[in-house]
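Structure first, commentary second.
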Ligand SMILES: [Mg+2]
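Residue numbers (this note's numbering): 1 to 251.
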């Protein structure tokens, strides 16, 4: 069972709530659980530890890296992909250019850095890295503003080598071409010898252009949720439904 983090288990940049933690920990008793996110490992740990079960795998940077808990901390199990210096520069210029040209972010208060280099991912956060949650949810609830920026970004020459997708609540993620959550999920399944149909994915950005959309293309059955309460409800439902069947061992 693979969960997206922001908008699914946590509200953007906030620690996981008690109910969601209980739901995901409950699922991890019977299933292998992984949480995938566009965030860095430090950010994932800040939002999830110490509330989640240590058996749960963490996949930061859209799943280009995988961390497992042992020996008192989360350890990197695989993942190395990084951008070249040239690409980084072009991506950052692309963000700045489209931001400037579209003027959709003018007269908007910015909290902290708008562009963050996460190594194998560069993220544009429209309101800045430190924006309060309450401002973020009101900023682009229909994805309309970021979709306009996304369309412009995808017209740039750099888009031949880089993938742009909508991230969290106010962000756009740039990842190396072909390295998205879909590839992250495939790598994980490969590692554990699971077939796509033996897994589930739960995400909130499964529409075309969303950063969860590439997962839907892998053939892994996907559930779309509209926020954290939806996820806790779904976990309870799945727990009950699957335990009602004599569910076959998948490994
Ligand atoms: Mg999400």
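We treat Cβ as the ideally placed atom computed from N, Cα and C, and that holds for glycine.
Is residue i near ligand 1, in the sense that its beta carbon is under 6 angstroms from a heavy atom of that ligand?
| i | result |
| --- | --- |
| residue 129 | no |
| residue 7 | yes |
| residue 207 | no |
| residue 204 | yes |
| residue 4 | yes |
Using a Cβ-Cβ cut-off of 6 angstroms (strictly less than) and excluding sequence neighbours within five positions of residue i, which residues of its own chain qualify?
| i | result |
| --- | --- |
| residue 228 | 20 |
| residue 104 | 145 |
| residue 235 | 23, 27 |
| residue 82 | 119, 120 |
| residue 7 | 204 |
With a threshold of 7 angstroms on Cβ separation, who are the neighbours of residue i within its own chain once the five nearest residues in sequence on each side are excluded?
| i | result |
| --- | --- |
| residue 110 | 127, 128 |
| residue 167 | 38, 123, 173, 211 |
| residue 186 | 218 |
| residue 54 | 69 |
| residue 161 | 87, 177 |
| residue 75 | 67, 68 |
| residue 112 | 128, 129, 130 |
| residue 159 | 153 |
Pull up the CB-CB distance for residue i and residue j, whole angstroms please, since I reckon it's below 8 angstroms.
| i | j | result |
| --- | --- | --- |
| residue 70 | residue 57 | The Cβ separation is near 11 angstroms, so there is no contact. |
| residue 72 | residue 173 | No, residue 72 and residue 173 are not in contact; Cβ-Cβ is about 31 angstroms, not under 8 angstroms. |
| residue 1 | residue 33 | 5 angstroms |
| residue 153 | residue 94 | 6 angstroms |
| residue 184 | residue 36 | 6 angstroms |
| residue 134 | residue 4 | Incorrect: roughly 21 angstroms between the Cβ atoms, too far for contact. |
| residue 225 | residue 207 | No, residue 225 and residue 207 are not in contact; Cβ-Cβ is about 13 angstroms, not under 8 angstroms. |
| residue 191 | residue 175 | Going by Cβ atoms, the distance from residue 191 to residue 175 rounds to 19 angstroms, so no, they are not a contact pair. |
| residue 9 | residue 231 | 6 angstroms |
| residue 47 | residue 97 | Not quite, the Cβ-Cβ distance comes to about 31 angstroms (not below 8 angstroms), so this is no contact. |
| residue 189 | residue 196 | 7 angstroms |
Cutting at 8 angstroms between CB atoms, please list the residues of its own chain near residue i, excluding the five before and the five after it.
| i | result |
| --- | --- |
| residue 79 | 61, 64, 65, 66, 120 |
| residue 170 | 12, 125, 126, 127, 131, 136, 139, 140, 146 |
| residue 102 | 148, 149, 152 |
| residue 18 | 51 |
Quick one: does residue i have its CB under 7 angstroms from some CB of chain D?
| i | result |
| --- | --- |
| residue 10 | Of the protein chains in this structure there is only one, and it is not chain D. |
Unbroken beta strand (DSSP E) runs of length 3 or more, entirely within the region 103-185: which are they?
-> 115-117, 122-125, 162-166, 171-176
Touch check for the region 19-29 and the region 178-186: three-plus C-beta pairs under 8 angstroms?
-> no
Mind the definition here: the region 214-227 touches the region 115-122 only if three or more C-beta pairs lie below 8 angstroms; say whether that holds.
-> no
Note down, one range per segment and in chain order, each alpha helix (DSSP H) of at least 4 residues found wholly within the region 8-32.
-> 18-30
At which residue ranges does the region 195-232 contain complete alpha helix (DSSP H) runs of 4 or more residues, listed in the order of the chain?
-> 213-216
Return the chain-ordered ranges of every beta strand (DSSP E) run that is complete within the region 47-108 and spans a minimum of 3 residues.
-> 57-59, 66-70, 73-78
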